[in-house]
Amino acid sequence: LDKIICRLINAERMRECIKRHNLTSLDVAKKYLYQINGKWLIFSEKIKPMQQHKKITLNEIRQLYKLKKETDYCDWHNGNWHRDNLNKLVCIDTENRSFGHGGRGFYELSRFFILSQNAKIYLDAKTKKSTSTIKIVPTIQLTESTEFDDPEMNFEEVKFQFIQKYGLRSKL
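Every position in the sequence shown, counted from 1, becomes a number in my numbering once 230 is added.
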C-alpha cells in the first residue's frame with residue numbers, strides 16, 4: 231500500500247514546489263486512487279503529447295534543476311517526462327525510487343532529451359561535466375498511452391474512504 235500512496239504524496243510534493251517557485255514550464259500528471267475488487271490501485275492521467283519534438287530550452291532546464299534541488303528527483307529519462315500539448319514538461323513517474331537515491335545524474339538529461347545550446351551550457355556548469363562526452367540514447371518519440379483514461383471521480387471521497395478503511399493519519 232505504501233508504494234501506491236507514495237506516488238500521490240510525491241506528486242503533491244512536486245506540484246507544491248512547482249507552484250511555490252512559479253516553475254511555469256513544468257507540471258505533474260494528476261494521480262487518482264481507486265479501489266477495484268478490494269485492491270487499491272493508482273492511475274495517472276493520460277498526457278496528450280505535442281505532435282513535434284522540441285528541444286529543452288534554457289528556461290526549462292533551469293526550472294528542472296530547481297525542481298531537482300527542491301525535491302531530490304533523480305529519475306531523468308524521457309519515459310518519465312512528457313511534453314504536453316500546452317508545451318509543458320510533465321512528470322508522470324512519482325514513485326519513491328525516483329527520489330533521493332542518486333538515480334540518473336541530472337547531467338544525463340542530455341542522453342534522453344534534445345537540449346538547446348544554452349541549456350547544454352547551463353547543464354555543463356551545474357553538473358561540472360560535459361554533455362559532449364555523454365553517449366546519446368536515440369530519441370524515442372513519447373508514446374501515446376491508451377492504458378489510462380481521464381477518470382470521472384471524486385478524489386476527496388475516495389481519499390476519505392481510504393482513510394476511514396485504513397486509518398491513515400498523514401495528509402495525502
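We put the beta carbon where it would ideally sit given N, CA and C, even for glycine. Note that this is a predicted model, so its numbers are computed, not measured.
Straight-line measurement puts the Cα of K284 at about 13 Å from the Cα of I291. Rounded to the nearest whole angstrom, the C-alpha separation of F343 and W306 is 9 Å. Going by beta carbons, K278 and N315 fall inside the 9 Å limit. Boundaries of the beta strand (DSSP E) around I272: K269 to S274.
In chain order, K298 and T357 place their CB closer than 6 Å to the CB of F336, counting only its own chain and leaving out the 5 sequence neighbours on each side. I266 is classed as exposed because its beta carbon has fewer than 16 other beta carbons within 10 Å across all chains shown. The C-beta of T254 has fewer than 16 other C-beta atoms within 10 Å across all chains shown, which makes the residue exposed.
Cβ-Cβ separation between R313 and M280: approximately 5 Å, consistent with a contact (criterion under 8 Å). In this structure, the beta-carbon distance from N326 to K233 falls below 9 Å. Taking 4 residues as the minimum length, the alpha helix (DSSP H) runs contained wholly in the stretch 280 to 327 are 288 to 301, in order along the chain.
For L256, the three-state secondary structure derived from DSSP is strand.
Annotation: N252 to G309 spans about 24 Å, alpha carbon to alpha carbon.
F336 carries a helical assignment under DSSP once its states are collapsed to helix, strand and coil.
In this structure, the straight-line span from the alpha carbon of I248 to that of G268 is close to 34 Å. Shown here, K358 sits in coil according to DSSP, grouped into three states, outside any helix or strand. Contact check for L353 and L339: beta-carbon distance about 6 Å, within the 8 Å limit, so the pair qualifies.
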